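Asks: Chains as they are written, first to last, in numbering that gives the first Met the number 0: chain W, 0 to 173; chain D, 0 to 173.
Okay, handing you the structure first.
2 protein chains.
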Amino acid sequence: MKRIAIDMDEVIADAYLRIIDWYERDFSRRISLEELQGKSFIDVVLPEHRGKIREYLHTDGFFKDMAVIPDSQEVIFELSKKYEIFITTAAMEFPTSFVHKYEWMKAHFPFIPWTHIVFCGDKSIIHADYLIDDRSRHFKGFTGQGILFTSPHNVHETWTPRVNNWQEVAALLL
Amino acid sequence: MKRIAIDMDEVIADAYLRIIDWYERDFSRRISLEELQGKSFIDVVLPEHRGKIREYLHTDGFFKDMAVIPDSQEVIFELSKKYEIFITTAAMEFPTSFVHKYEWMKAHFPFIPWTHIVFCGDKSIIHADYLIDDRSRHFKGFTGQGILFTSPHNVHETWTPRVNNWQEVAALLL
Numbered sequence: 000m001k002r003i004a005i006d007m008d009e010v011i012a013d014a015y016l017r018i019i020d021w022y023e024r025d026f027s028r029r030i031s032l033e034e035l036q037g038k039s040f041i042d043v044v045l046p047e048h049r050g051k052i053r054e055y056l057h058t059d060g061f062f063k064d065m066a067v068i069p070d071s072q073e074v075i076f077e078l079s080k081k082y083e084i085f086i087t088t089a090a091m092e093f094p095t096s097f098v099h100k101y102e103w104m105k106a107h108f109p110f111i112p113w114t115h116i117v118f119c120g121d122k123s124i125i126h127a128d129y130l131i132d133d134r135s136r137h138f139k140g141f142t143g144q145g146i147l148f149t150s151p152h153n154v155h156e157t158w159t160p161r162v163n164n165w166q167e168v169a170a171l172l173l
Numbered sequence: 000m001k002r003i004a005i006d007m008d009e010v011i012a013d014a015y016l017r018i019i020d021w022y023e024r025d026f027s028r029r030i031s032l033e034e035l036q037g038k039s040f041i042d043v044v045l046p047e048h049r050g051k052i053r054e055y056l057h058t059d060g061f062f063k064d065m066a067v068i069p070d071s072q073e074v075i076f077e078l079s080k081k082y083e084i085f086i087t088t089a090a091m092e093f094p095t096s097f098v099h100k101y102e103w104m105k106a107h108f109p110f111i112p113w114t115h116i117v118f119c120g121d122k123s124i125i126h127a128d129y130l131i132d133d134r135s136r137h138f139k140g141f142t143g144q145g146i147l148f149t150s151p152h153n154v155h156e157t158w159t160p161r162v163n164n165w166q167e168v169a170a171l172l173l
């Protein structure tokens, strides 16, 4: 059975929406996804707000109750009948995220057992046939096939194969 | 550069000592390592105490401030000059352990960056040349060479190579 490793943030969990919401809460301006095309949050906010954005990621609760990326549950459930599924997230960078990410997985992907959740940093440690991720840097050193999941920050990157949403993942792998 | 994945509990962190201490605290009997040869804790305690032993592992603080297994720091530091080192621990089974394990690594193995710590369940996801672990079940599906680290519970198991301490790891890999 072939194995698919799947990233969390920006692939199954909507981390961008969380930053947009918190930024609006703190600075009364709602950043649009259009503004973010090909950029990081740091690029579109005032220089004096950048520290706050970085702080969000290390704030307890940032990773709690994030919205689920559309169709990810249904497509991954179907994929799990044909492939072995692991969720592989670079949680080590954000220790406040550990328990929230674990609880989030239990709540939204109950069909994925705890044995198949991985918190890591450098994803070259992952042994799988495919890695679906929004950060192409994780494909470096990964011995399987990287599949780039579109997120505003990576729209100008060249990578094949690229998928724009979970329906395209289904078309590629099912 | 070849890569070594190293388990935490019973390989670099002395989880047995923690159980022995807590059991003595709660039931006024100190279990010896001799009694534990070839057995699990469950086998050597009264049947009515078994639930408590299982509870320990899920208790916040169980994984905090564990003693370091002798020579592991020095030998792993030397290994890190010749190999890429990842610490790979099945923390997913015990969510209360996440932060304590992370802090423990920072305190006792500061030369191992957060990018090289992995919390997982099924270790077949690990891509490495060697896996040093006290549980041979983790070698199933692992594509590299499993190296069994002796712990009281595994003394009657047959596995080659086996190492009895960190000096033997040094002799094998340095």
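By construction, the Cβ of each residue, glycine as well, lies at the ideal position given by its N, Cα and C atoms.
Because the structure is a prediction, the values reported are computed rather than measured.
Sort W:F40, W:V98, W:P160, W:D128 by Cα distance to W:P151 and report the nearest one.
Replies: For the purposes of this step, residue 151 of chain W is taken as residue 152 along the first sequence, with counting starting at 1. Of the candidates W:F40, W:V98, W:P160, W:D128, the one whose C-alpha sits nearest the C-alpha of W:P151 is W:F40.
Asks: Regarding W:V117 and the ligand HEM, is the C-beta to nearest heavy atom distance less than 7 angstroms?
Replies: As for the ligand HEM, it is missing from this structure, which has no ligand bound.
Asks: Only counting the same chain, and skipping five residues up and downstream in sequence, which positions put a Cβ closer than 7 angstroms to that of W:T159?
Replies: What you label residue 159 of chain W is simply residue 160 of the first sequence in a count that begins at 1. Once the five neighbours on either side are set aside, W:T159 has no close Cβ partner at all.
Asks: Please state whether DSSP places W:T177 in a helix, a strand or coil.
Replies: Look at the range of chain W in this structure, 0 to 173, and you will see that residue 177 of chain W is not part of it.
Asks: For W:F97, go through chain B and note every residue whose CB falls closer than 8 angstroms to its CB, in chain order.
Replies: The displayed structure is made up of protein chains W and D, and chain B is not among them.
Asks: W:V67 lies in the beta strand (DSSP E); which residues open and close that run?
Replies: Reading the first sequence from its first residue, position 68 is the one you call residue 67 of chain W. Element bounds for W:V67: n/a, residue is neither H nor E.
Asks: Keeping to the same chain, check which residues put their C-beta closer than 6 angstroms to that of D:A4; ignore five residues upstream and five downstream.
Replies: In the second sequence, residue 4 of chain D corresponds to position 5, counting from 1. For D:A4, where only same-chain residues beyond five positions count, the Cβ hits under 6 angstroms are F85, T87, I125, A127, L130.
Asks: Does the CB of D:H137 have a neighbour CB from chain W at under 8 angstroms?
Replies: In the second sequence, counting from the first residue as 1, residue 137 of chain D sits at position 138. Chain W contact via Cβ: absent.
Asks: Suppose contacts are defined by Cβ-Cβ distances below 8 angstroms. Is W:V67 in contact with W:H107 by that definition?
Replies: By 1-based counting over the first sequence, the position of residue 67 of chain W is 68. By 1-based counting over the first sequence, the position of residue 107 of chain W is 108. Yes, these two residues count as a Cβ contact at 8 angstroms.
Asks: Report the neighbours of W:F85 on chain D: residues whose CB is nearer than 7 angstroms to its CB, in chain order.
Replies: For the purposes of this step, residue 85 of chain W is taken as residue 86 along the first sequence, with counting starting at 1. Those are I124, listed as they occur along chain D.
Asks: Comparing the C-beta of D:D121 with each C-beta of chain W, is any distance below 8 angstroms?
Replies: Here residue 121 of chain D refers to the residue found at position 122 when the second sequence is read from its first residue. Yes, D:D121 counts as interfacial toward chain W.
Asks: Check the Cβ of D:A127 against every Cβ in chain W and list those closer than 9 angstroms, keeping chain order.
Replies: If you number the second sequence from 1, residue 127 of chain D lands on position 128. Neighbours of D:A127 on chain W, chain order: I124, H126.
Asks: If you measure beta-carbon to beta-carbon, which residues of the region 141-154 of chain W are closer than 8 angstroms to chain D?
Replies: The residues in question are T142.
Asks: Would you be able to state if there are at least three C-beta pairs under 8 angstroms between the region 138-155 of chain W and the region 88-102 of chain D?
Replies: The answer is no - the region 138-155 of chain W does not touch the region 88-102 of chain D, with fewer than three Cβ pairs under 8 angstroms.
Asks: Could you spell out the range, first to last residue, of the alpha helix (DSSP H) harbouring W:A127?
Replies: As a working note, residue 127 of chain W is residue 128 in the first sequence. Premise fails: W:A127 is in no alpha helix (DSSP H) and is neither H nor E.
Asks: Using a Cβ cut-off of 8 angstroms (strictly closer), state whether W:T58 contacts chain D.
Replies: Against the first sequence, residue 58 of chain W aligns to sequence position 59. So no, W:T58 is outside the interface.
Asks: Skipping 5 residues on each side, what residues in its chain have a beta carbon closer than 7 angstroms to that of D:M104?
Replies: Sequence index remark: in the second sequence, residue 104 of chain D carries index 105 (1-based). The answer, listed in chain order, is I86, I111, I116.
Asks: Quickly, what does DSSP pair W:R147 with across the bridge? List them, please.
Replies: As a first step, residue 147 of chain W is located in the first sequence; it is residue number 148 there, counting from the start. According to the sequence as given, residue 147 of chain W is Leu; it is not Arg. In the DSSP output, where bridge partners are listed per residue, W:L147 has W:D132, W:R161.
Asks: Pick helix, strand or coil for D:F118, following the three-state DSSP scheme.
Replies: Working through the second sequence from its first residue, we reach residue 118 of chain D at position 119. Note: D:F118 maps to strand in three-state DSSP.
Asks: Taking the alpha-carbon positions, what's the W:I30 to W:I52 distance?
Replies: In the first sequence, the residue the question calls residue 30 of chain W occupies position 31. In the first sequence, the residue the question calls residue 52 of chain W occupies position 53. Whole-angstrom Cα-Cα distance: 12 angstroms.
Asks: I'd like to know whether the C-beta of W:W113 is nearer than 8 angstroms to at least one C-beta of chain D.
Replies: The residue labelled residue 113 of chain W in the question sits at position 114 within the first sequence. Taking Cβ atoms only, chain D reaches closer than 8 angstroms to W:W113, which makes this a yes.
Asks: Is there at least one Cβ from chain D nearer than 8 angstroms to W:M7's Cβ?
Replies: Counting from 1 along the first sequence, the entry for residue 7 of chain W is found at position 8. No, W:M7 does not count as interfacial toward chain D.
Asks: Cα separation between D:Q72 and D:R134?
Replies: The residue you call residue 72 of chain D lines up with position 73 of the second sequence. The residue you call residue 134 of chain D lines up with position 135 of the second sequence. In a straight line, the C-alpha of D:Q72 is about 21 angstroms away from that of D:R134.
Asks: Rounding to the nearest angstrom, what Cα-Cα distance links D:E47 and D:G37 in this structure?
Replies: If you number the second sequence from 1, residue 47 of chain D lands on position 48. If you number the second sequence from 1, residue 37 of chain D lands on position 38. Rounded to whole angstroms, D:E47 to D:G37 spans 21 angstroms at the Cα level.
Asks: List the residues that DSSP assigns as beta-bridge partners of W:D8.
Replies: Counted from its first residue, the first sequence places residue 8 of chain W at position 9. W:A12.
Asks: Within the 8 angstroms Cβ cut-off, does W:M0 reach chain D?
Replies: Here residue 0 of chain W is taken as the residue at index 1 of the first sequence, counted from 1. Output row for W:M0: interface = no.
Asks: Taking Cβ-Cβ distances shorter than 7 angstroms, what residues in chain W pair up with D:M91?
Replies: Residue numbering aside, residue 91 of chain D sits at position 92 when the second sequence is read from its first letter. Neighbours of D:M91 on chain W, chain order: W113, T114, I116.
Asks: Would you kindly check if the distance between the Cβ of D:E83 and the Cβ of D:M0 is under 8 angstroms?
Replies: Here residue 0 of chain D refers to the residue found at position 1 of the second sequence. Here residue 83 of chain D refers to the residue found at position 84 of the second sequence. Yes.
Asks: Using CA atoms only, rank isn't needed, just tell me which of W:A14, W:P109, W:G60 is closest to W:S79.
Replies: In the first sequence, residue 79 of chain W corresponds to position 80, counting from 1. Closest by alpha carbon: W:P109.
Asks: How many Å lie between W:L45 and W:E34 at the Cα?
Replies: Position 46 of the first sequence holds residue 45 of chain W. Position 35 of the first sequence holds residue 34 of chain W. In a straight line, the C-alpha of W:L45 is about 13 angstroms away from that of W:E34.
Asks: Whole alpha helix (DSSP H) runs in the region 24-61 of chain D with 4 or more residues, listed along the chain?
Replies: Complete alpha helix (DSSP H) runs here, min 4: 40-43, 49-56.
Asks: Identify, in the order they occur along the chain, each residue of the same chain with its Cβ nearer than 6 angstroms to the Cβ of W:L56, setting aside the five sequence neighbours on each side.
Replies: Counted from its first residue, the first sequence places residue 56 of chain W at position 57. Correct list, in chain order: F93.
Asks: State the beta-bridge partners of W:I3 as determined by DSSP.
Replies: On the first sequence, residue 3 of chain W is found 4 positions in, with the first residue counted as 1. Answer is W:I84, W:Y129, bridged to W:I3.
Asks: Determine the extent of the alpha helix (DSSP H) in which D:W174 is found, giving its start and end residues.
Replies: Given a span of 0 to 173 for chain D in the structure shown, any question on residue 174 of chain D remains unanswerable.
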